[in-house]
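A.B. asks:
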Amino acid sequence: MADMKITSRPGLRQAVTELWQFVQYLYRRIDHDRLTVTAGSMAYVTLLSLVPMITVVLSALSSFPVFASLGDQLQAFVFENFVPTAGDVVQNYLNQFVANAGKMTAVGIGALFVVAILLISAIDKSLNYIFRVRQHRRVVISFSIYWMVLTLGPILVGSSLAISSYLASLNILGSETVNGFVQQLLRGLPVLMSTLAFLGLYMLVPNTKVRLRNALIGALIASALFELSKKAFALYITNFPSYQLIYGALAVVPILFVWVYLCWCIVLLGAEITASLCEEQHWRVRTKTPHGSGVGGKQPLASVDAELEKAQASGAEQTAEQQQTMKTYKDTK
1 MADMKITSRP GLRQAVTELW QFVQYLYRRI DHDRLTVTAG SMAYVTLLSL VPMITVVLSA
61 LSSFPVFASL GDQLQAFVFE NFVPTAGDVV QNYLNQFVAN AGKMTAVGIG ALFVVAILLI
121 SAIDKSLNYI FRVRQHRRVV ISFSIYWMVL TLGPILVGSS LAISSYLASL NILGSETVNG
181 FVQQLLRGLP VLMSTLAFLG LYMLVPNTKV RLRNALIGAL IASALFELSK KAFALYITNF
241 PSYQLIYGAL AVVPILFVWV YLCWCIVLLG AEITASLCEE QHWRVRTKTP HGSGVGGKQP
301 LASVDAELEK AQASGAEQTA EQQQTMKTYK DTK
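Note that the UniProt record's numbering has the sequence shown beginning at 1, numbered continuously upward.
1. Along the chain, where does the alpha helix (DSSP H) that runs through G188 open and close?
2. Taking only three categories from DSSP, how would you classify V23?
3. If we call anything under 9 Å between Cβ atoms a contact, is I217 one with I237?
4. N95 to L47, Cα distance in whole Å?
5. Would you call the stretch 10 to 22 and the stretch 222 to 234 touching, i.e. three or more CB-CB distances under 8 Å?
6. Where A251 and V45 are concerned, what is the direct C-alpha to C-alpha distance, given to the nearest angstrom?
7. Nearest to L201 by alpha carbon, out of H282, F257, T274?
8. Please give the ranges of any alpha helix (DSSP H) in the stretch 35 to 64, keeping only runs that are unbroken, at least 4 residues long and fully inside the region.
9. Reducing DSSP to helix, strand and coil, say where N207 ends up.
10. With a threshold of 8 Å, are at least 3 pairs of Cβ atoms found where one atom belongs to the stretch 109 to 121 and the other to the stretch 27 to 40?
11. Can you name, in chain order, every residue of its own chain whose Cβ lies under 7 Å from the Cβ of V191, other than the five neighbours on each side?
12. Out of G108, R132, K103, V56, which one is the CA nearest neighbour of I120?
13. Within 10 angstroms of its Cβ, does G108 collect 16 or more other Cβ (buried), or is it exposed?
14. With M42 and S126 assumed to form a contact (beta carbons below 8 Å), what rounded beta-carbon distance in angstroms separates them?
15. In terms of residues, what are the limits of the alpha helix (DSSP H) holding T105?
16. Using the Cβ count rule (16 or more neighbours within 10 Å means buried), how would you classify N214?
17. Compute the distance between the beta-carbons of V267 and T208, then report whether it is under 9 Å.
18. What is the residue span of the alpha helix (DSSP H) that F257 lies within?
19. From L189 to A197, what distance separates their C-alpha atoms?
20. Please classify R28: does DSSP put it in a helix, a strand, or coil?
21. Can you name the start and end residues of the alpha helix (DSSP H) that R213 belongs to?
22. Throw me the rounded Cβ distance for the G270 and A219 pair, which I believe falls under 8 Å.
23. Quick check: the Cα distance between L262 and N239, rounded to an integer number of angstroms?
24. Expressed to the nearest angstrom, what Euclidean distance is found between the alpha-carbon atoms of T195 and A106?
25. Could you work out which residue in I130, R137, I54 is closest to A116 when comparing CA atoms only?
26. Can you tell which of V23, Q14, I130, V51 has the C-alpha that lies nearest to the C-alpha of M203?
27. Find the nearest neighbour of V260 within the set P206, A39, D124, G11, judged by alpha-carbon distance.
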């Protein structure tokens, strides 16, 4: 028993040390990337393209007769589960805006598509910057991906809503226990959808290879923070109605902007966590022998990598010199 305690303490100490190193690295990374500034700009772009995006989504759904009746259900689901307060007011305003947008000409509708694509492009650039992607996708490939998101995304969401509605309407074997279990699953559908959305965002958008484990950790943390912030924000707006007192009927505008800003902070934070986990060689500590050069017998892996790079560079230079010598020798012969 004493041996187990002795052997477990170094492992626990190592885990705490690595966690602290990760938190420090994550903080420096967030500060360097100016996460709050990026979230503010993304919130502005989102509000600017919100109506065009909803118009495009509803147009994509209405083009398929099977999903034509799911437009209102999709809006109600989004505003009930992802907008913590003032959802009804925002939905009414957006319905009016979308109805007005439907009266536009073909040129105007094309402009709406362009604005919606600009939002997806901004998301793509922000996440690729966080993941330190240097080689960007070709324009044709990027446009194809954006177009696929705008067309297939609403269809997938509509399919999930149709399946959930079908399951909710079933009376499985007349069993109250089974029906109650299905209802509990449907209540967790928003959390599951947000987790899957974060997971797809962190794995598919960056033009680099992202491990599933790292993306899943970032998605779970972002989804949990999203649910907590949704409840906390609704509690704040309900108990401290300062925006309603100051802005009156226009209070929905700053409330929506603040909520979108918080959402982008959470999205980008999850991306920073995922990217930091992918760069564990920069923050993870490796235990060395007691006579090691690191502090307390430990040395960051980054220094080890630097030494390896120097060795490889010197070896490459030596090889180049040898090749040049052999070439000169052959020329003299």
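Note that CB positions come from ideal geometry on N, CA and C, so glycine has one too.
The model shown is predicted, which means the values in this text are computed figures rather than measured ones.
C.D. replies: According to the structure shown:
1. Sequence index remark: in the sequence shown, residue 188 carries index 188 (1-based). Judged by DSSP secondary structure, G188 falls outside any alpha helix (DSSP H); it is assigned neither H nor E.
2. As a first step, residue 23 must be located in the sequence shown, where it is residue number 23. Reduced to three states, the DSSP call for V23 is helix.
3. Here residue 217 refers to the residue found at position 217 when the sequence shown is read from its first residue. Here residue 237 refers to the residue found at position 237 when the sequence shown is read from its first residue. Between I217 and I237, the gap from beta carbon to beta carbon reaches 9 Å or more.
4. Taking the sequence shown and counting its residues from 1, one reaches residue 95 at position 95. Taking the sequence shown and counting its residues from 1, one reaches residue 47 at position 47. Distance from the CA atom of N95 to the CA atom of L47, rounded to whole angstroms, is 15 Å.
5. The stretch 10 to 22 vs the stretch 222 to 234: no contact.
6. Translated into the one-based positions of the sequence shown, residue 251 becomes position 251. Translated into the one-based positions of the sequence shown, residue 45 becomes position 45. Cα-Cα distance, rounded: 20 Å.
7. Counting from one through the sequence shown, the residue named residue 201 turns up at place 201. With distances taken between Cα atoms, L201 lies closest to T274.
8. As for any alpha helix (DSSP H) of minimum length 4 sitting wholly inside the stretch 35 to 64, the runs are 35 to 48, 50 to 62, ordered along the chain.
9. Taking the sequence shown and counting its residues from 1, one reaches residue 207 at position 207. Reduced to three states, the DSSP call for N207 is coil.
10. Proximity of the stretch 109 to 121 to the stretch 27 to 40 falls short of the contact definition, fewer than three beta-carbon pairs being nearer than 8 Å.
11. For the purposes of this step, residue 191 is taken as residue 191 along the sequence shown, with counting starting at 1. Excluding sequence neighbours, V191 sits near S223, E227.
12. One-based indexing of the sequence shown puts residue 120 at position 120. When each option's Cα is compared against that of I120, the closest is V56.
13. Within the sequence shown, residue 108 is the residue found at index 108, counting from 1. With a threshold of 16 other beta carbon atoms within 10 Å, G108 falls short and is exposed.
14. For the purposes of this step, residue 42 is taken as residue 42 along the sequence shown, with counting starting at 1. For the purposes of this step, residue 126 is taken as residue 126 along the sequence shown, with counting starting at 1. In this structure M42 is in contact with S126, their Cβ atoms being roughly 6 Å apart against a cut-off of 8 Å.
15. Position 105 of the sequence shown, counted from the start, is the residue given in the question as residue 105. Here T105 belongs to no alpha helix (DSSP H), and DSSP marks it neither H nor E.
16. Position 214 of the sequence shown, counting from 1, holds the residue named residue 214. Buried is the call here.
17. As a working note, residue 267 is residue 267 in the sequence shown. As a working note, residue 208 is residue 208 in the sequence shown. Not closer than 9 Å, so no.
18. One-based indexing of the sequence shown puts residue 257 at position 257. Here the alpha helix (DSSP H) through F257 covers 252 to 278.
19. Position 189 of the sequence shown holds residue 189. Position 197 of the sequence shown holds residue 197. Cα-Cα distance, rounded: 12 Å.
20. Indexing the sequence shown from 1 puts residue 28 at position 28. Here R28 sits in helix by DSSP.
21. Position 213 of the sequence shown, counted from the start, is the residue given in the question as residue 213. Counting along the chain, the alpha helix (DSSP H) containing R213 begins and ends at 212 to 239.
22. As a working mapping, residue 270 is identified with position 270 in the sequence shown. As a working mapping, residue 219 is identified with position 219 in the sequence shown. Approximately 6 Å separates the beta-carbon atoms of G270 and A219; this is inside 8 Å, confirming the contact.
23. Here residue 262 refers to the residue found at position 262 when the sequence shown is read from its first residue. Here residue 239 refers to the residue found at position 239 when the sequence shown is read from its first residue. A direct Cα-Cα distance of roughly 19 Å separates L262 from N239.
24. Reading the sequence shown from its first residue, position 195 is the one you call residue 195. Reading the sequence shown from its first residue, position 106 is the one you call residue 106. Going by C-alpha positions, T195 is about 36 Å away from A106.
25. Numbered from 1 along the sequence shown, position 116 holds the residue referred to as residue 116. When C-alpha distances from A116 are compared across I130, R137, I54, the shortest belongs to I54.
26. Taking the sequence shown and counting its residues from 1, one reaches residue 203 at position 203. The shortest Cα separation from M203 among V23, Q14, I130, V51 belongs to I130.
27. Position 260 of the sequence shown, counted from the first residue, corresponds to residue 260. With distances taken between CA atoms, V260 lies nearest to A39 out of P206, A39, D124, G11.
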